[in-house]
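Let me begin by presenting the structure, written as C-alpha cells, before commenting on it.
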Amino acid sequence: MGCRSHRRPVSPPHPSSIARHGRSNMSNTWTQLDLSILGGNIRAMQQALSRPVQIIFVVKANAYGHGLKNVASHAAALGVQSFAVAHIDEAVALRRELPQSQILVLGAIQPDQVSQALESRISVAIADLEHGLALAASAAGRPLQCHIKVDTGMGRLGFAWETAATAIARLASNPSLDIVGLCSHFATSDQPDPTFAAVQNQRFQHVLAQCSDNGLAIPFRHISNSGGFLTHQDWDYDGVRAGLVLYGYQPPGSHPRIHTSPCFQWKTRIVQAKQLPADSPVGYGCTYVTSCDTTIAILDVGYSDGYPTRLGNVASVLIGGRRVPVVGRVSMNLTAIDLGSASATVKPGDEVVLMGRQADQSIWADEIAQWAETIPYEILTGIRTRDQRVTSSTTI
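The opening residue of the sequence shown carries number 187 in the working numbering; numbering runs sequentially from there.
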C-alpha cells in the first residue's frame, strides 16, 4: 500500500507520552534467563542419556546469546562436566569460570594460539593433517589434547573420511599431540528425513573401525548434535554435543525423545504512544498505512539491537497479555506496533515482550525465525544488550 495524505493533521504528542526511564543505566532492551527452566532442560537430557554418555554443552556465541557465565556455571552445578565453544578466547574465558571442567574448542585454532590452549588446559579440534602438524610444531613437545574432526558429509572442517585413518595414525605418533577424541558433525539432523545422517554415521563408524585396525584406541567419540540426539539413541556414542535442545528448542519434525522449554526472554519498553488517523503512513518507505483511527506505539528496539528488519509488517509482540502486530519498517533503533482502538491503558514505559511469555501468550525464537525467514540460532545469537538478568522460577 502506498503513502496517502492524512484525513486530518496528527496532533503532536503530549510531553507525558514520552517514556521516562526510572533507571539511568537501564538498557533499552534486556533479557531474562530462567535458571529453573534451564535446569529442567539439563536434567531431562541427563535422564535420557545412558551412563556414561556425557553431555557436551555447546556454549559458543555467548551460550547462544543466553549468557556464557550464567549458563555454564549453572550447568556445571548440575553435574555437566564438558563444554564446547567455537574459539579459543571463549574457552579461556570459560576456564576462568570453570577451573575443573572439560573444555573443547570446536573451531580450528591457529598455531600461535596453542600456548593459550596449553596454559588453560583446553582441548582443541584438528581439522586436517597440515593443521595438526602445525599445532604440534607450536606445542614443541608439550602434549596438546586434541579431538580429530572427520568430515563425513558436512563439507566444512575435518579430515576426508575416506583417508582419515591413515592421517590420524601419523598424528598419533607425534609426541606433541594427545589424541583424546574423534568427532564429526551431522549436516541434516535438523530435518525429518534421517537418511543422510545415517550415512554419515556409517562413515564415522568406518573411520573408527580403521583406527582400531591400526591399533589406535579412541577414548572419546562424538557425532550427535541436538538433532542427532533427538533422532537416534545409537548415535550418542560417548558424548552428545547439545546446544539448541538445552536452550529449549527442537528442530521441526524431530523426534520427541525429551521435552525442553525455552528459558530466555527478551523485552523492551514503549517510548511513545500516539493516536493516528486512518490513511497515516508509518515508518521508512511508508510500507504500512493505517486503515482506521488507531494507536501506534513506538518501541525502544531496532535492528541495531538484533531485531531483524524482516519483522516489519509480519511479526507480533506481546503487551498486556495479547499479541500486537509490528507495523512499518523496523528502524535502526525504533519499531512501531499497531495497538488498535482498545488501547487507552497503554502508556510509555510499559513492558513489551519481544520473545518470551506474557499471560497465556508466548512468542519464541523459532516463531520469530519463521517471520524473519531465518533460523532460531541467528535470532538468539543476534540479540545485543548489556542488560542480562537472571531469574529462577517454575514458569516463564
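Even glycine gets a Cβ: it sits at the ideal position worked out from N, Cα and C.
Quick check: residue i and residue j, are their CB atoms within less than 8 Å of each other?
i: ASN632; j: VAL539; result: Residue 632 lies beyond the range of the chain shown here (187 to 582); nothing can be said about it.
i: ILE409; j: GLY367; result: no
i: VAL532; j: ALA522; result: no
i: LEU254; j: VAL245; result: yes
i: ASP298; j: SER324; result: yes
i: ALA608; j: ASN400; result: The chain is shown from 187 up to 582; residue 608 falls before or after that span and cannot be answered.
i: GLY327; j: PRO361; result: yes
i: ILE241; j: ALA428; result: yes
i: SER287; j: GLN267; result: yes
i: ILE308; j: ALA277; result: yes
i: LEU280; j: HIS333; result: no
i: LEU292; j: ALA320; result: no
i: ILE444; j: ALA249; result: no
i: LEU221; j: SER578; result: yes
CB-CB under 7 Å to residue i, same chain, minus the five flanking residues each way: which ones, in chain order?
i: ASN256; result: LEU219 and VAL576
i: GLY471; result: ARG515
i: THR338; result: TRP347, SER370, GLN386, ARG389 and PHE390
i: LEU394; result: LEU368, ILE404 and ARG407
i: GLU283; result: LYS255, ALA258 and SER259
i: THR454; result: ASN214, THR215, LEU485, ASP486, VAL487, VAL538 and LEU540
i: VAL300; result: LEU321, SER324, ALA325 and LEU330
i: HIS273; result: VAL291 and GLY293
i: ASN519; result: GLY488 and SER490
Does DSSP put residue i in a helix, in a strand, or in coil?
i: MET518; result: coil
i: GLY318; result: helix
i: LYS453; result: strand
i: THR567; result: helix
i: MET231; result: helix
i: GLY401; result: coil
i: CYS478; result: coil
i: ARG389; result: helix
i: HIS260; result: helix
i: GLY434; result: coil
i: ILE274; result: helix
i: ILE444; result: coil
i: PRO238; result: coil
i: GLY414; result: helix
i: ALA294; result: coil
i: ARG342; result: coil
i: ARG496; result: helix
i: ASP491; result: helix
i: ARG572; result: coil
i: ASP337; result: strand
i: PHE382; result: helix
i: ARG190; result: Any answer about ARG190 is weak, because its pLDDT of 34 lies below 50 and its placement is not dependable; what the coordinates show is given next. Note: ARG190 maps to coil in three-state DSSP.
i: THR374; result: coil
i: LEU462; result: strand
i: THR577; result: strand
In the DSSP output, what is residue i paired with across the bridge?
i: VAL245; result: Answer is none; VAL245 lacks a bridge partner.
i: SER502; result: PRO511
i: ILE561; result: Paired residues: none, contrary to the question.
i: ASP524; result: ILE482
i: CYS332; result: VAL310 and ILE365
i: GLU537; result: ARG455
i: PHE269; result: PHE243 and ILE289
i: GLY425; result: GLN240
i: GLY542; result: ILE549
i: TRP216; result: LYS453
i: VAL468; result: TYR474
i: ARG407; result: LEU368
Run the proximity test for residue i: is its beta-carbon closer than 7 Å to any non-hydrogen atom belonging to the ligand PLP?
i: PRO329; result: Inclusion of the ligand PLP in the displayed structure is not the case, the ligand content being empty and no account of it being possible.
Once you ignore the five residues that flank residue i on each side, which residues in its own chain have a CB closer than 8 Å to its CB?
i: ILE456; result: ALA205, ALA483, ILE484, LEU485, ASP486, ILE505, VAL532, LYS533, PRO534, GLY535, ASP536 and VAL538
i: GLU559; result: ARG496
i: ALA358; result: ILE365 and LEU402
i: ASP546; result: GLY507
i: HIS392; result: TRP347
i: SER527; result: CYS478, ASP479, THR480 and THR481
Kindly list the residues whose CB is nearer than 6 Å to the CB of residue i, restricted to its own chain and excluding five residues on each side of it in sequence; keep chain order.
i: GLY414; result: PHE372, SER375 and TRP421
i: PRO494; result: ALA558
i: ALA353; result: LEU315 and PHE345
i: ALA383; result: PHE372, THR374 and SER375
Can you round the beta-carbon distance between residue i and residue j to whole angstroms, since I take them to be within the 8 Å contact cut?
i: LEU432; j: THR417; result: Not quite, the Cβ-Cβ distance comes to about 16 Å (not below 8 Å), so this is no contact.
i: ALA464; j: ASP479; result: 6 Å
i: THR567; j: ALA261; result: That pair is no contact at about 18 Å.
i: GLN461; j: THR481; result: 6 Å
i: TRP550; j: VAL500; result: Going by Cβ atoms, the distance from TRP550 to VAL500 rounds to 16 Å, so no, they are not a contact pair.
i: ARG509; j: SER517; result: Between SER517 and ARG509 the Cβ distance is about 21 Å, and since that is not below 8 Å, they are no contact.
i: TYR435; j: PRO562; result: 6 Å
i: ILE569; j: GLY492; result: 4 Å
i: MET340; j: ASP573; result: No, MET340 and ASP573 are not in contact; Cβ-Cβ is about 36 Å, not under 8 Å.
i: GLN232; j: GLY265; result: 7 Å
Does chain B have any CB closer than 8 Å to the CB of residue i?
i: GLN547; result: Protein chains in the displayed structure number just one, and chain B is not present.
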